[in-house]
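Below: one structure, written as structure tokens.
In the working numbering, the protein residues as written are 1 to 504.
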């Protein structure tokens, strides 16, 4: 017997029940497939984020030792193998430390100068000194300059991989990579399948119950309808009972339809609220960042106004007004920068001189009598080379550190700023006298929202570090009894570049 004939022999109520079941079955299967697909995409994104976090931690360690690496690579007295072993012995333990919490995660560094893998967790399938062929996906890092987040095929087979070029003096000198086997990613995806199968089975059971319920309802009202038709045929004058019965059918089904419609409306409202909440969270984060960035210039304006109110000296008041104007202009530049970033996230880096930037900031403070009798000294090495950077962002970096120094320096203390050249880079050290920063706080001092100050936001030094890293520089703090120093090292500009686009 064909399916078509079998279907025709079914009663109307059974047919409707079967159709409802099939429709729900298809919907549940499609929904389950989409949910597994979405979950796999979420797991892939989480895996890539993990690889990125490990790479960034390794890059920080690499940045601290970049001078050592360059020195070893250029040492003519060492053989190629000795150079590789020297670099690996220095940094491989730190790289391994960052990857120890994730099984089968591989992390390493490829030296462009040596043309081989120079740092690598000890793996048999990817030995030290291995030279990547021209078909390896990492070779595109040096032509395209883009970070790679993808599923790809490398020496150890198919993997989920993250690779990032490492720059020195504006030129790529190698790249850091992290990856895990593709099978590890699939295992995480497959681990979610039993849960979805259980939910699908439960949904199927509910589908059968719904189909039976609708089938029985239809069968019940078909019997009533049949009886009334029969009664109407026997007594044509009795059409009122039939009419009332027919009218009652939509009344019986109406509550079900209304309840379903109400649930659909609630779901739509929830989706709308979630979308609004997501947008508001992003908007709130931006507002918090902007408000922090303009807080220091606003504080300078307020201090200048208070000083001008106290002083009767016309010359001094003119200087205070000049400070207010300069601070207002800086606020305008900051706001313009965020408006530009909202339209185009690529920041334009131009050739700058760091002593000019620091001088512009110091002019704002020069017209103010620093509170608590604090002295501000500075020294700039002559003929400082230029750097590539964003003027407004670098001014904010200097203002943030000076403002923090003023708050941390005791009465009668001293703040000093020194700028010099070191290893093809410009080194800025900003020091202040006062109580030392404990080691446990030094480890967290650049973490976003970390603060030990009353009324602090924990955004200032996190922003400072972000800007320095975007300028391919390094920042660190050294604190001893009675003295704390923040060091910023920025690469010298290449003669071939006048502008540079950087995606933060």
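Ideal Cβ placement from N, Cα and C applies to all residues, glycine included.
Can you tell me whether residue 29 is buried or exposed, with buried defined as 16 or more other CB within 10 angstroms of its CB? On the chain shown, residue 29 is found 29 positions in, with the first residue counted as 1. Exposed, since its Cβ has fewer than 16 Cβ neighbours within 10 Å.
Contact set for residue 189: own chain, Cβ-Cβ below 6 Å, skip 5 residues either direction: As a working mapping, residue 189 is identified with position 189 in the chain shown. Within the same chain, residue 189 has close Cβ partners 40, 43.
Just to confirm my understanding: we take residue 380, look at its own chain, exclude 5 residues before and 5 after, and list those with CB closer than 6 Å. What are they? Counting from one through the chain shown, the residue named residue 380 turns up at place 380. Cβ within range, chain order: 355, 419.
Close-in-space but distant-in-sequence residues of the same chain around residue 115 (CB under 7 Å, 5 per side omitted): For the purposes of this step, residue 115 is taken as the residue at position 115 of the chain shown. Excluding positions up to five away in sequence, the list reads 131.
Which one or two residues does DSSP pair with residue 489 in a beta bridge? In the chain shown, counting from the first residue as 1, residue 489 sits at position 489. 427, 474.
Determine the closest residue to residue 394 out of 424, 431, 88, 488, with distance taken between C-alpha atoms. As a first step, residue 394 is located in the chain shown; it is residue number 394 there, counting from the start. Nearest option by C-alpha distance: 488.
Using 8 Å as the threshold, is the C-beta distance between residue 86 and residue 160 below it? Here residue 86 refers to the residue found at position 86 when the chain shown is read from its first residue. Here residue 160 refers to the residue found at position 160 when the chain shown is read from its first residue. No, the Cβ-Cβ distance between residue 86 and residue 160 is not below 8 Å.
Hey, would you say residue 446 sits closer than 8 Å to residue 462, going by beta carbons? As a position in the chain shown, residue 446 is number 446, starting the count at 1. As a position in the chain shown, residue 462 is number 462, starting the count at 1. In this structure, residue 462 lies closer than 8 Å to residue 446 by Cβ.
Between which two residues does the alpha helix (DSSP H) holding residue 187 run? Looking up residue 187 in the chain shown gives position 187. Counting along the chain, the alpha helix (DSSP H) containing residue 187 begins and ends at 182-190.
Alpha-carbon to alpha-carbon, residue 26 and residue 390: By 1-based counting over the chain shown, the position of residue 390 is 390. By 1-based counting over the chain shown, the position of residue 26 is 26. Their backbone Cα atoms lie some 56 Å apart in a straight line.
Leaving aside the five residues before and after residue 386 along the sequence, list all residues of the same chain whose C-beta is less than 8 Å from its C-beta, in chain order. Position 386 of the chain shown holds residue 386. Excluding residues within five positions, the ones whose Cβ falls inside 8 Å are 351, 352, 353, 492, 493.
What span of residues does the alpha helix (DSSP H) with residue 70 cover, start to end? Taking the first residue of the chain shown as 1, we reach residue 70 at position 70. Residue 70 -> alpha helix (DSSP H) spans 66-73.
In chain order, what residues of the same chain lie with their CB nearer than 7 Å to the CB of residue 279, ignoring the 5 residues before and after it? The count along the chain shown starts at 1 and reaches residue 279 at position 279. Low confidence applies to residue 279: its pLDDT is 46, below 50, so where it sits in the model is not reliable, and the reading given next is rough at best. So the list is empty, once near-sequence residues are dropped.
On the DSSP bridge assignment, give the partners of residue 416 in chain order. Residue numbering aside, residue 416 sits at position 416 when the chain shown is read from its first letter. Looking at the DSSP output, residue 416 bridges to 377, 431.
Run of the beta strand (DSSP E) containing residue 392, from where it starts to where it stops: Position 392 of the chain shown holds residue 392. It is not in any beta strand (DSSP E) - residue 392 instead sits in the alpha helix (DSSP H) that spans 391-408.
Taking the alpha-carbon positions, what's the residue 140 to residue 55 distance? To locate residue 140, count along the chain shown from 1; it is residue 140. To locate residue 55, count along the chain shown from 1; it is residue 55. Roughly 18 Å separates the two Cα atoms.
Simplified DSSP assignment, three categories, for residue 167: Taking the chain shown and counting its residues from 1, one reaches residue 167 at position 167. The answer is strand: DSSP assigns residue 167 an E or B state.
Could you check which residue in 152, 108, 464, 399 has the C-alpha nearest to that of residue 94? As a first step, residue 94 is located in the chain shown; it is residue number 94 there, counting from the start. For the residues 152, 108, 464, 399, the minimum Cα distance to residue 94 belongs to 108.
Identity of the residue in 480, 361, 476, 174 nearest residue 530 by Cα: Because residue 530 is not part of the residues shown, which for the chain are 1 to 504, the question remains open.
Report the rounded CA-to-CA distance for residue 472 versus residue 169, giving the unit in angstroms. Here the question's residue 472 lines up with position 472 in the chain shown. Here the question's residue 169 lines up with position 169 in the chain shown. Cα to Cα, residue 472 sits roughly 8 Å from residue 169.
My understanding is that residue 113 touches residue 73, with C-beta atoms under 8 Å, so please give their C-beta distance in whole angstroms. Reading the chain shown from its first residue, position 113 is the one you call residue 113. Reading the chain shown from its first residue, position 73 is the one you call residue 73. Yes, they are in contact, since the Cβ atoms of residue 113 and residue 73 sit about 5 Å apart, within 8 Å.
In the DSSP assignment, the alpha helix (DSSP H) including residue 440 goes from what residue to what residue? Numbered from its first residue, the chain shown carries residue 440 at position 440. Element bounds for residue 440: 439-444.
Helix, strand or coil for residue 130, going by three-state DSSP, please let me know. What you label residue 130 is simply residue 130 of the chain shown in a count that begins at 1. DSSP places residue 130 in coil when its eight states are reduced to three.
Residue 428 versus residue 417 - alpha carbon distance: As a position in the chain shown, residue 428 is number 428, starting the count at 1. As a position in the chain shown, residue 417 is number 417, starting the count at 1. Cα to Cα, the separation comes out at about 7 Å.
Out of 164, 163, 151, point me to the one whose CA is closest to residue 182's CA. Translated into positions along the chain shown, residue 182 becomes position 182. Checking every option, the nearest Cα to that of residue 182 belongs to 151.
By the 10 Å Cβ neighbour count, where 16 or more other Cβ atoms means buried, how is residue 37 classified, buried or exposed? Taking the chain shown and counting its residues from 1, one reaches residue 37 at position 37. Exposed, because fewer than 16 other Cβ atoms sit within 10 Å of the Cβ of residue 37.
Taking DSSP as the reference, what is the three-state secondary structure of residue 483? Stepping through the chain shown from its first residue, residue 483 is reached at position 483. Note: residue 483 maps to strand in three-state DSSP.
In angstroms, rounded to a whole number, what distance separates the CA positions of residue 465 and residue 202? Numbered from its first residue, the chain shown carries residue 465 at position 465. Numbered from its first residue, the chain shown carries residue 202 at position 202. C-alpha separation (whole angstroms): 51 Å.
Please classify residue 479 as buried or exposed, where buried requires at least 16 other C-beta atoms within 10 Å of its C-beta. Within the chain shown, the letter at position 479 stands for residue 479. Classification for residue 479: buried.
Does DSSP put residue 494 in a helix, a strand or coil? Numbered from its first residue, the chain shown carries residue 494 at position 494. Residue state, collapsed to three classes: coil.
Give me the Cα-Cα distance between residue 374 and residue 177, rounded to the nearest whole angstrom. Taking the chain shown and counting its residues from 1, the one referred to as residue 374 is at position 374. Taking the chain shown and counting its residues from 1, the one referred to as residue 177 is at position 177. So the alpha carbons of these two residues sit roughly 47 Å apart.
Could you tell me if residue 438 is buried or exposed, where buried requires 16 or more neighbouring beta carbons within 10 angstroms of its beta carbon? On the chain shown, residue 438 is found 438 positions in, with the first residue counted as 1. A residue is called buried when at least 16 other Cβ atoms come within 10 angstroms of its Cβ; residue 438 does not meet this threshold and is exposed.
Taking 7 Å as the limit between beta carbons, can you name the residues of its chain near residue 413, skipping five residues before and five after? If you number the chain shown from 1, residue 413 lands on position 413. The residues are 374, 432, 433, 434.
May I have the straight-line CA-CA distance separating residue 256 from residue 22, to the nearest angstrom? For this step, residue 256 is matched to residue 256 along the chain shown. For this step, residue 22 is matched to residue 22 along the chain shown. In this prediction, residue 256 scores a pLDDT of 46, lower than 50, which makes its location untrustworthy; no coordinate-derived value is stated.
So if DSSP puts residue 85 in a beta bridge, which residue, or which two residues, is it bridged to? As a position in the chain shown, residue 85 is number 85, starting the count at 1. According to DSSP, which records beta bridges pairwise, residue 85 is partnered with nothing at all.
Per DSSP, what kind of secondary structure is residue 436 in: helix, strand or coil? For the purposes of this step, residue 436 is taken as residue 436 along the chain shown, with counting starting at 1. Correct three-state label for residue 436: coil.
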